[in-house]
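UniProt numbering puts the first residue of the sequence shown at 27, with every later residue one more than the last.
The beta carbon of each residue, even a glycine, is placed where N, CA and C say it ideally should be.
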Amino acid sequence: FRSGKTGSMTMTASEARSFGPQVRMERAGSIAVIAIDNPPINAGSLEVRRGLLDAVQAVTENTEVTGAVLIGEGTTFIAGSDLREFGQPLEDPQLPTVIQAVEVSPKPFVAAIHGAALGGGFELALGCDARVAAEDAVVGLPEVTLGIIPGAGGTQRLPRLVGLSKAIELICTGRRVSAPEASMLGLIDATFDMDLKAGAIAYASSLAGQKKPVIQRSVPREPEATIKAAEEKARKAGRERPPVLEAIRVIRLATEVTPLEALTTEREVFQRLRVSEEAFALRHHFFAERQATKPASLKEVEPHNIESVAVIGSGTMGVGIAVAALNAGFPVTLLDMDSQALERGRERLREHYEGSIARGKLSQEEVSACLNRLSIATDYEVLGTTDLFIEAVFEDLEVKQKVFRALDQVAHPNAILATNTSYLEVSRIAEVTRRPESVLGLHFFSPAQIMRLLEVVQAQHTGLEALATGMAFGRKLKKLPVLVQDSFGFIGNRIYAAYRAQCEYMLEEGAFPEEIDQALEAYGFAMGPFAVGDMSGLDIAWQMRKQRAAQRDPDARYVSIPDILCEMGRFGRKSGAGYYDYREDPKKGKPDPEVAEIIRSESERKGYTRHNFNEEEIQRRALLAMANEAALLLAEGVADRPADVDLVLVNGYGFPKWKGGPVFQARQKEPEDLAREFEELARLSEHGFRAADPASLFER
Ligand code: NAI
27 FRSGKTGSMT
37 MTASEARSFG
47 PQVRMERAGS
57 IAVIAIDNPP
67 INAGSLEVRR
77 GLLDAVQAVT
87 ENTEVTGAVL
97 IGEGTTFIAG
107 SDLREFGQPL
117 EDPQLPTVIQ
127 AVEVSPKPFV
137 AAIHGAALGG
147 GFELALGCDA
157 RVAAEDAVVG
167 LPEVTLGIIP
177 GAGGTQRLPR
187 LVGLSKAIEL
197 ICTGRRVSAP
207 EASMLGLIDA
217 TFDMDLKAGA
227 IAYASSLAGQ
237 KKPVIQRSVP
247 REPEATIKAA
257 EEKARKAGRE
267 RPPVLEAIRV
277 IRLATEVTPL
287 EALTTEREVF
297 QRLRVSEEAF
307 ALRHHFFAER
317 QATKPASLKE
327 VEPHNIESVA
337 VIGSGTMGVG
347 IAVAALNAGF
357 PVTLLDMDSQ
367 ALERGRERLR
377 EHYEGSIARG
387 KLSQEEVSAC
397 LNRLSIATDY
407 EVLGTTDLFI
417 EAVFEDLEVK
427 QKVFRALDQV
437 AHPNAILATN
447 TSYLEVSRIA
457 EVTRRPESVL
467 GLHFFSPAQI
477 MRLLEVVQAQ
487 HTGLEALATG
497 MAFGRKLKKL
507 PVLVQDSFGF
517 IGNRIYAAYR
527 AQCEYMLEEG
537 AFPEEIDQAL
547 EAYGFAMGPF
557 AVGDMSGLDI
567 AWQMRKQRAA
577 QRDPDARYVS
587 IPDILCEMGR
597 FGRKSGAGYY
607 DYREDPKKGK
617 PDPEVAEIIR
627 SESERKGYTR
637 HNFNEEEIQR
647 RALLAMANEA
657 ALLLAEGVAD
667 RPADVDLVLV
677 NGYGFPKWKG
687 GPVFQARQKE
697 PEDLAREFEE
707 LARLSEHGFR
717 AADPASLFER
C-alpha cells in the first residue's frame with residue numbers, strides 16, 4: 027500500500043459491479059467496497075457523482091450488505107472537484123445529493139483516505155459515518171483559496187467535529203491537514219500504516235450497522251472570545267475578501283439555525299460565489315499554474331538529475347537562493363570571491379535560520395540538517411562534481427562573463443550553468459563558455475527563499491534539457507517556474523517598467539504619488555509603485571538609467587522626477603526620504619510637500635495643465651499599460667502563453683490574485699474595444715509608447 031496501491035481485493039471478479047465508467051463496487055463479506063476510479067486525482071466529476079449515487083442506492087437496497095467503504099483507486103482518494111465544471115451550471119446529481127444519500131442510508135459508510143481528500147472529496151468523507159486514513163494522507167477544504175466556500179456541507183460538518191474556531195481557521199486558510207493532526211482533531215477515526223482497505227473493511231464491520239452521521243452531532247462548546255479571535259485572525263489573513271467573510275458567516279450558522287437551513291444557505295452562497303469574478307480569476311490561476319509548470323515544448327524532455335548545487339555570489343540574492351536550495355534538501359556550496367563578503371553571507375544565512383526556529387517555522391533538527399548541507403568556498407576548484415551552478419554576482423556583464431569562464435573550466439560535462447541576472451542578456455553570458463546549450467537564466471525574486479516566482483530563461487542556444495532541468499529544479503524548490511525567452515526585463519520587469527512609467531506620466535499630468543499608490547492599493551496591490559520604489563531604493567534604477575542613457579530615444583517621453591529625487595539624495599527609505607518622507611517613521615512614509623513642489627514644477631516645465639485623477643482612472647491607465655506591454659511581448663514570443671504573464675505579475679509583483687492578472691482583466695473586454703483603449707493610452711503617453719495589437723492576448 028505504501029507504494030500508492032490500495033491493497034488487493036479478496037473477492038472474485040463476478041462479484042464486482044460497475045456504476046458508470048468511474049465507480050466500481052465489490053464485496054468483502056457483508057461490506058461493500060465502493061471504489062472511485064477517475065485518474066489522475068479521482069476528481070469528483072459528474073460521472074463520479076452519478077456512479078456514487080447509484081452505488082449508495084445499491085448498498086441501501088441490498089439486504090446482505092451491512093456497511094460500505096468508499097475508497098479511491100490509484101494514488102489518492104478524491105483530491106478535489108473537477109474545476110472545469112465550475113464555470114457553468116452544475117449538472118445533477120450534485121454533491122449534496124450524493125452526501126445526503128450516504129447519510130440517510132441505514133448502513134454505515136466509512137471513507138478510506140489515502141493520498142488527499144480535498145474540497146468536495148473531503149466533504150464526501152465528512153458525510154460518512156467514519157473516516158479512516160493512511161498515515162501519510164492529507165485532508166482539507168481549500169475552497170476559499172478558489173474564491174468559493176465549501177458547498178456540500180463542509181461548513182456545517184467540520185465544526186461539529188472540531189468546533190467553530192478550528193473550523194474557521196481550517197476553512198479560511200484552506201490549509202492541508204496531515205493525518206496525524208487530523209486524528210488529533212477528531213477528523214479521522216483511525217489510521218493504518220499497512221493495508222488501508224482491509225483496515226477500513228474491518229472498521230466498517232465493527233460499526234455493526236450503527237449509523238453515526240456527523241450532521242446529527244452537536245457543535246463542541248467554546249468561549250465566544252475564542253471564536254471571535256479565530257474570526258479576527260481569518261479576516262485579517264484573508265484581507266476581508268468575500269469568500270472569507272462568507273465562510274465565517276456560514277460556519278457560524280452551525281450553532282444558530284437548523285442543519286437543514288444552514289446547508290441550504292451554504293449551497294446558495296457556494297452557487298453565487300462559484301460564478302463570481304473572483305472565483306473565475308482564481309480558477310484561471312489554478313489552471314495556468316498547472317500548464318506553466320509543464321510547457322508543451324518540454325513534454326518529452328528528460329531533466330538532468332541534480333544532486334548538488336553551487337551558488338556563486340553570497341550577497342542578498344545568493345544567500346536567499348542558497349537557503350531555498352538547502353530547504354529543499356540539496357547540498358549547497360556558497361562561493362564568493364571576497365572572503366569577508368562570504369563570511370557576511372554565511373552570517374546572514376545563520377541569522378535567517380535562527381529566525382526560522384524563533385518563529386516556529388523549522389525545528390532545531392531541521393535547521394541543523396540544512397546547515398550541515400552547506401559548505402563555503404572562495405575557490406572554484408572544489409566544484410568539479412557540482413551538478414547545478416547558480417550565479418548571483420554583481421549585475422555587470424564583464425564580471426558575470428568572468429565567472430562563467432571559470433565555471434566552464436571546472437564544471438563537469440553534464441552540469442547546468444544558470445545566471446540570476448535581471449537585465450543582462452543571458453546569451454551574452456553563455457557565449458563565453460564552450461557549452462552555451464547548458465546555460466540558462468534562473469531569475470529568482472527577492473527574498474529568494476520566500477518569493478514563489480522563478481523565471482526560467484531560454485537563451486539563444488539553451489538546450490531543452492537544460493531548460494527542463496531548470497523547470498524541474500524550480501518545482502523541487504516549491505517555486506512556480508515560468509518559461510521566458512531571453513529578452514530585456516524578461517516578462518516581469520518589463521511589464522512592471524511599463525506600469526511604473528505610466529504611473530510617472532500620471533504624476534506629470536496631475537496626480538501625486540500618494541494618490542496613485544492609494545488607488546492601486548485599493549485595487550488590491552500589496553503596495554503602490556512609489557512606495558515600492560522607496561522600499562527597494564531609487565538609486566539602483568537611477569544608475570541603470572544613466573548607463574542606458576545613450577540608447578534612449580531622445581524624442582521619447584522621459585519623466586525626470588525620479589532623477590531629480592536621486593540628485594537630491596532621496597534614495598527612498600534607506601536615506602530617510604524618497605517619494606515620501608520617512609524621518610518620523612522609517613516604515614511608513616508620509617506625503618512630502620517638497621516632492622509635491624518638484625512634481626508641480628516639472629508639470630509646468632513640460633507644459634502639462636494638471637488635472638485631478640480619480641481612483642478609477644488611475645487604475646484603468648495602470649492596468650492598460652500592463653496589458654499593452656503584455657500584448658507586445660506575447661507577439662514577440664517572450665512568454666509561452668498569455669496566462670504566464672498573469673502568473674508572473676501575481677506571484678512576483680504583488681498583483682492581486684483575485685483579480686486574475688492584467689491579461690485576465692484585458693480578456694474581459696472585446697478585442698476591438700481594447701484596441702481602441704490601447705490607442706487612447708498611446709495618445710496620452712505620447713511619443714515612445716507603442717500601442718499593441720491586442721490579438722496576442724486572446725490566443726490560447
Ligand atoms: P549583491 O551585491 O548583494 O551580491 C553580489 C555578491 O557577489 C557579493 O557578495 C560579491 O562579493 C559577489 N561577487 C561579485 N563578483 C564576484 C565574482 N567574480 N566571483 C564571486 N563572487 C562575486 O547583489 P544581489 O542583489 O544579490 O544581486 C546579485 C544578482 O542577482 C544580480 O545579477 C542582480 O541583478 C540579480 N537580482 C537581484 C535582485 C534583487 O532584488 N536584489 C532580484 C533578482 C535578481
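| query | result |
| --- | --- |
| Three-way DSSP call (helix, strand, coil) for Thr36 in this model | The predicted position of Thr36 is uncertain, since its pLDDT is 46 and thus under 50; a value taken from the coordinates is nonetheless stated next. Of the three classes helix, strand and coil, the one that applies to Thr36 here is coil, per DSSP. |
| The ligand NAI heavy atom lying under 7 Å from the CB of Ser365 | no |
| Other residues of its chain near Lys595: CB distance less than 7 Å, five sequence neighbours each side excluded | Looking at the sequence provided, one finds Gly at residue 595 rather than Lys. Cβ within range, chain order: Ser601. |
| Met343: CB within 7 Å of a non-hydrogen atom of the ligand NAI | yes |
| CA-to-CA distance, Glu272 to Val203, given in whole angstroms | 22 Å |
| Reduced DSSP category for Met210 - H, G, I as helix; E, B as strand; rest coil | helix |
| Span of the beta strand (DSSP E) around Ile416 | 414-417 |
| Assumed close pair Phe470, Gly346 - CB separation to whole angstroms, cut-off 8 Å | 7 Å |
| Whole-number beta carbon distance between Ile587 and Glu623, since they are thought to touch under 8 Å | Actually they do not touch by this definition, with Cβ atoms about 11 Å apart. |
| Reference Phe218, options Lys259, Gly145, Ile139, Val188, closest by Cα | Ile139 |
| Buried/exposed call for Ser472, threshold 16 Cβ in 10 Å | exposed |
| Leu184 beta carbon less than 8 Å from that of Leu152 | yes |
| Buried versus exposed, by CB contacts within 10 Å (16 or more), Ile476 | exposed |
| Tyr606 - partner residues in DSSP beta bridges | Pro617 |
| When Glu642, Leu591, Lys238, Ala576 are compared against Asp618, the one with the closest alpha-carbon | Leu591 |
| Heavy atom of the ligand NAI within 7 Å of residue 23 beta-carbon | Not covered by the structure: residue 23. The range shown for the chain is 27 to 726. |
| One or two residues paired with Ala557 in a DSSP bridge | DSSP lists no partner for Ala557. |
| From Glu250, Ser389, Ala665, residue whose alpha carbon lies closest to that of Val510 | Ala665 |
| Every unbroken beta strand (DSSP E) within the segment 176-223, with a cutoff of 3 residues, ordered by chain | 216-218 |
| Closer than 7 Å: Glu369 CB and nearest the ligand NAI heavy atom | no |
| Inter-residue Cα distance where the pair is Ala42 and Ser71 | 22 Å |
| beta-carbon Gly550 near the ligand NAI non-hydrogen atom, thresh 7 Å | no |
| Per-residue burial, Ala251 [other beta carbons within 10 Å of its own, 16 or more giving buried] | exposed |
| beta-carbon Lys428 near the ligand NAI non-hydrogen atom, thresh 7 Å | yes |
| Beta bridge counterpart(s) of Ser44 as assigned by DSSP | Arg50 |
| When Asp543, Glu463, Asp565, Gly550 are compared against Phe556, the one with the closest alpha-carbon | Asp543 |
| Proximal residues to Phe356 (C-beta, below 6 Å), its chain only, five neighbours per side dropped | Val335 |
| Where the beta strand (DSSP E) through Glu541 begins and ends | Element bounds for Glu541: not the beta strand (DSSP E) but the alpha helix (DSSP H), 539-549. |
| Sequence-distant residues of the same chain with beta carbon closer than 7 Å to Gln427, five excluded per side | Ile455, Val458 |
| Per-residue DSSP class, three states only, for Pro612 | coil |
| Ala159 to Glu292 span [Cα, whole Å] | 27 Å |
| Cβ distance (whole Å) where Pro378 is taken to contact Glu535 below 8 Å | According to the sequence shown, residue 378 is His rather than Pro. Contact doesn't hold; Cβ gap of about 43 Å is too wide. |
| Residues near Ala653 in its chain [Cβ-Cβ closer than 6 Å; skip 5 each side] | Pro688, Ala692 |
| Host alpha helix (DSSP H) of Arg370 (start-end) | 365-384 |
| Ala350 classed as buried or exposed, judged by whether at least 16 other C-beta atoms fall within 10 angstroms | buried |
| Beta-carbon proximity of Val59 to Ile97, cut-off 8 Å | yes |
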